[in-house]
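Residue 53 in numbering that gives the first Met the number 0 is what sits at position 54 of the sequence shown, and the numbering runs on without skipping anything. Heads up, the beta-carbon is just placed ideally off N, CA and C, and yes, glycines get one too. These figures come from a predicted structure and were not determined experimentally. Here's the structure we're looking at; comments come further down.
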Amino acid sequence: MSGGRSGEQAEAIQDFVGSLDVEDLILRYDVDFDAPMRQTTAVGLLRLAGAHTPDPSSGARGVARRLGAHWCEIVQADVSYEPLTALRLIEASRPDAERLRADLAAGGASAAPDAFTAYAVARWYDGLGRVRYRLGSYTAARIAFETAVGVAADHDLWWARPDLVSNHARAEFEEQSQASRQGGGPAERDFVGPMRRACDGIVDLAAARGVDLETVPTPSTPARHREFLRGWSNALHNLATALRQQGRTEQSLQQSRASKAVSEGLGDVYRTAQALLNEALCEPGDPTHLFEELRDLGISPDGSAGPGWPRGRRIARQQLAARSPDARGLTDLAELLDDLERDAAGPERRSGLDVDFYAYTLGLYSRTASRLPADSRPGDVVDRWVSMARSVREAIALPVYKRTYSRHMRPVFLRAIGRRVTGCDHRQRSLEGLLSLVEESSGRELLDMLASSSPPALGPPSSTLPGTARPPGEVVPGRRSTLGSMDEAEAAEVKRLLQEREEQYEQYFLRHPLSSATHDEDIAHQLVQYTLNHPGSCVVRYFRYGGPADPRLDGEETPEPDSLGVMVCKEGLLTLSRPLPYQEVADLAARVLADIRTRYVPQPDTCHRVWELLVAPFWQHATRGGPLTHLTLIPTDDLFAIPLHVATEPGGLDPLAARVPLSHSVSVAAFVSRGRHLLKKQLMEEDDDLAALMSTDKAATGDEIAASGWPAGHVHVAGRVPAALAGRIAGAHPADWEGLAELVSVEPEFFVYAGHGTYVERDGGSGDPLLYLGTADRLTQYDLALRVALPRNKLTVLGACLAGQGMRSDGGDVLGFMRSLIISGAGAIGVPLWSVGDRAMVSTVSTLLSESRAALDGSATGVFDVVQALHDHYRRAVGGYHQLALRIDQMPLALYL
């Protein structure tokens, strides 16, 4: 009998699913499912109906149903703060959206395609905009909302337009504000005016369509009118928010109450909660009753939670706790934080993504703790901040969130590292724990990229910046280029190019989320084992810690001052050197840049200072015991801009890289765990290919290719082919995007750029290096990351002035061409940090290339040690000069493994 009942139930379910009107459900989703926070019900029904499954027999209408079903899930993921899920849904449905949008555009408004298809397209782009907006990518959000508004206007989707128009106005405002802040303009812009105009337009549209804006809607109000009114409520809420931001709280309250009345009539839990929150924030008196109402919205009399806005409830709990007496408030905030931390380990780590709320709650907790007597304060403030930083990192690895991480979270790590330094007893276990924490906070974005899929190799950019093949500035005989100043027009164009390429980079990784690389708690022990198994090797890890007092962290001990730590590992022994005031490091980096700007190359007194400040503290530890056969320096922050390889002991004439075999790396994790230490020695093969991108002239000759002794049949050139190789090489291409693509397609073991580079300073002290792609365009760090893949590469050299600059970031990550080349799969990497001399570059690069061929020694294979080869060359190169300034100029490359 039970089997019979089971069969009957299955048949009933099948009948129910078969009778489901998928299109009607999608058209009613906004007001009948999203508004009352019952998205899961609708999505479940659509899944049961197979609406997401491709059906070739259903034609374009079936594609529209599938797109609409994806939109419903995108909205659900957005409301639930699950951007990773939303991004996956967007990518799964993007081809459908683009196909249907193209169909609509081809047909035009006069073709009057069915309203459902147009609705699905408009709503999908609106969903895309919501997710982009949530992630802080306001330009991309504005473009998506603009598309949605355009489709709705072209195809008379009047009932959806209020919501779309309101979203577009909000994104446009945020985009302009963000651009203003980045450009140094006023951060505050007028949002009230655009929102009033949007509301006026909605009023006019309502009059034209007979929608009653004055009467509270009921369930019997026509569905399209209810959707229109929901958009009207959204516009009123945005206007209320704009008024509150301008301090016009009474007017804001009026708009919020109007928005709430509409929302309550629609049963719109989400917008009702938003209106309540704005009312509470504008309340001139005690807002406790409003926060209590927000907390209890959707809670049944028996205390069970019905449909509601979880984030709104948490905001209410947060604000109520902040208004409680200190001890009770602290307990309530601790409970809320415990909830957030538990949530951060759940699916998609929702709360970890809601960085602002998490951080603000912790700030309240810290400030509340600071008001308690010292003996009653909790000792977990910094630990909670570090826990949040970890959950944010794990949540989603996107550039937008990395900026949030660097702005909000890195200071927490710096303070936690400072606390470890203060409490360090210099035993190995303690030092290993300290180094592990340093690695957890440094260079993580690069590790995320290395842990994810193979590097992209996109086509050429949509717009270019052609021009001369060299940067502006003084032409100095024998020097490839100088750090000159651009005129305002060119500087503006270059900055526009950089911003455009950076946005492309970010959009790529928004569409292709990275997997967060798990931090290896055992990384310090791995470093110890590396130095034990490589006698004569020494690794020096620079790290920043401490910092100014942070009001968010009140309630904890006074932090260490902003400092530079130096950890040395040789023969399996970790040693912590004396700390350095970080301001001295920043001053030294500025001094290096001043030398380059005025004298083209770091000056002897600057190189002496580099030794005194950054090498002398660890030199005794590095040279203890047996001979130093390989020194690896791992910089941080401003140290990336300082030429450590030419640090020179006062009274001496031999720069560091001429004294010992020297390499750099970007982190201990990259060097040891990701195996970049294995790039020191590599197997050479007789059929190795050399690819050269040449943007050359009399100042940048590119003679290193002709002087390399490389077999012409394995040489590929984009740009001017050296006369000695003309007509004999394997491939000759123009120095443009097509030529670069041809070089990359060879998968060359050796890749050389010979030509001109420059460095463009941006607001806030950061900057970007640029390479010249002949006269066709400029190459940015983002181009190398997205458009160059070097999967079999053994050595890459950027023989252009200043190509090694721009590596530092405020977030402890590695930027510039270094990050891009490592992402691309490059092997050992040589980059200059100053305006290099052509002869020095030709001599250095040609030696490395010829030594790699010499390693074959008549055989089909051989072993090439790039670190030793560069060291030997530098020793020979400086031996012919008796002035330190001339010796420094003969050492143009910093080598990174």
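Are there any heavy atoms of the ligand FAD lying less than 7 Å away from the beta-carbon of residue i, as far as the coordinates show?
| i | result |
| --- | --- |
| Leu-361 | Although the ligand FAD was asked about, the structure shown includes no ligands whatsoever. |
To which residues does DSSP link residue i through a beta bridge?
| i | result |
| --- | --- |
| Pro-768 | Tyr-758 |
| Asp-338 | Answer is none; Asp-338 lacks a bridge partner. |
| Val-830 | Ala-893 |
| Cys-198 | Answer is none; Cys-198 lacks a bridge partner. |
| Leu-579 | Leu-563 |
| Met-693 | Ala-753 |
| Ser-18 | In DSSP, Ser-18 forms no bridge with anything. |
| Ser-536 | His-629 |
| Gly-730 | His-715 |
| Cys-568 | Val-538, Leu-573 |
| Arg-478 | Gly-836 |
| Asp-776 | Leu-772 |
In three-state terms, what does DSSP make of residue i?
| i | result |
| --- | --- |
| Gly-183 | Caution is warranted here: a pLDDT of 45 is assigned to Gly-183, below 50, making its placement in the model unreliable, and no coordinate value can be reported. |
| Met-683 | strand |
| Gly-861 | strand |
| Thr-517 | coil |
| Leu-613 | helix |
| His-167 | helix |
| Thr-574 | strand |
| Ser-232 | helix |
| Ala-108 | With a pLDDT of 42 at Ala-108, under the threshold of 50, the predicted position of this residue should be treated as unreliable, and no value is reported. |
| His-154 | coil |
| Tyr-541 | strand |
| Leu-797 | strand |
| Leu-661 | strand |
| Thr-631 | strand |
| Cys-281 | helix |
| His-872 | helix |
| Cys-423 | coil |
| Arg-225 | helix |
| Gly-192 | helix |
| Leu-587 | helix |
| Arg-349 | Because Arg-349 sits at a pLDDT of 45, beneath the cut-off of 50, its placement in the model cannot be relied upon, and the point is left open. |
| Arg-673 | coil |
| Val-42 | helix |
| His-881 | coil |
| Pro-161 | helix |
| Ala-119 | helix |
| Thr-597 | helix |
Who are the near neighbours of residue i in its chain, counting only those whose CB is closer than 6 Å to its CB and skipping five residues on each side?
| i | result |
| --- | --- |
| Ala-690 | His-715, Leu-742, Val-745, Pro-747, Phe-750 |
| Val-261 | Leu-228, Ser-232 |
| Ser-562 | Tyr-544, Gly-545, Pro-578, Tyr-581 |
| Ala-585 | Asp-637 |
| Arg-141 | Ala-170, Glu-171, Glu-174 |
| Gly-738 | Ala-717, His-732 |
| Gly-554 | A caution first: Gly-554 carries a pLDDT of 49, below 50, which makes its placement in the model too unreliable to give a value. |
Rounded to whole angstroms, how far is the Cβ of residue i from the Cβ of residue j, which I believe are closer than 8 Å?
| i | j | result |
| --- | --- | --- |
| Asp-331 | Arg-316 | 7 Å |
| Thr-463 | Asp-776 | 4 Å |
| Thr-597 | Leu-883 | No, Thr-597 and Leu-883 are not in contact; Cβ-Cβ is about 18 Å, not under 8 Å. |
| Pro-35 | Val-268 | 6 Å |
| Asn-166 | Phe-144 | 5 Å |
Could you pull out every residue in the same chain whose Cβ sits closer than 7 Å to the Cβ of residue i, ignoring the five residues on either side in sequence?
| i | result |
| --- | --- |
| Asp-33 | Val-74 |
| Val-527 | Cys-568, Gly-571, Leu-573 |
| Arg-98 | Val-62 |
| Asp-199 | none |
Leaving out five residues on either side along the sequence, give the residues of the same chain with a beta carbon under 8 Å from the beta carbon of residue i.
| i | result |
| --- | --- |
| His-713 | Asp-686, Asp-687, Asp-688, Leu-689, Ala-729 |
| Val-385 | Val-411, Phe-412, Ala-415 |
| Val-493 | Leu-464, Met-485, Val-759, Leu-769, Arg-777 |
| query | Are three or more beta carbon pairs between the stretch 116–123 and the stretch 132–140 nearer than 8 Å? | reply | Verdict: no, contact absent.
| said: Whether or not the stretch 80–87 and the stretch 38–57 are in contact is what I'm after, with contact meaning three or more pairs of Cβ atoms, one per stretch, closer than 8 Å; do they touch? | reply: Inter-segment contact for the stretch 38–57 and the stretch 80–87 is absent: fewer than three beta-carbon pairs are separated by less than 8 Å.
| field | Meets three-Cβ-pair contact criterion under 8 Å: the stretch 772–789 and the stretch 817–835 | value | Segments in contact, yes.
| Below 8 Å, can you find three or more Cβ-Cβ pairs linking the stretch 797–809 to the stretch 521–537? | Of all C-beta pairs linking the stretch 797–809 to the stretch 521–537, fewer than three are shorter than 8 Å, placing the two stretches out of contact.
| query | For the stretch 621–635 against the stretch 832–845, are there 3 or more C-beta pairs whose distance is under 8 Å? | reply | Per the Cβ contact rule, the stretch 621–635 is not in contact with the stretch 832–845 (fewer than 3 Cβ pairs under 8 Å).
| query | Would you call the stretch 856–870 and the stretch 693–707 touching, i.e. three or more CB-CB distances under 8 Å? | reply | Note that the stretch 856–870 does not touch the stretch 693–707; fewer than 3 beta-carbon pairs, one per stretch, sit closer than 8 Å.
| Inter-stretch contact at 8 Å, needing at least 3 Cβ pairs: the stretch 287–305 / the stretch 243–262 | No, the stretch 287–305 does not touch the stretch 243–262.
| field | Meets three-Cβ-pair contact criterion under 8 Å: the stretch 785–802 and the stretch 649–659 | value | No, the stretch 785–802 does not touch the stretch 649–659.
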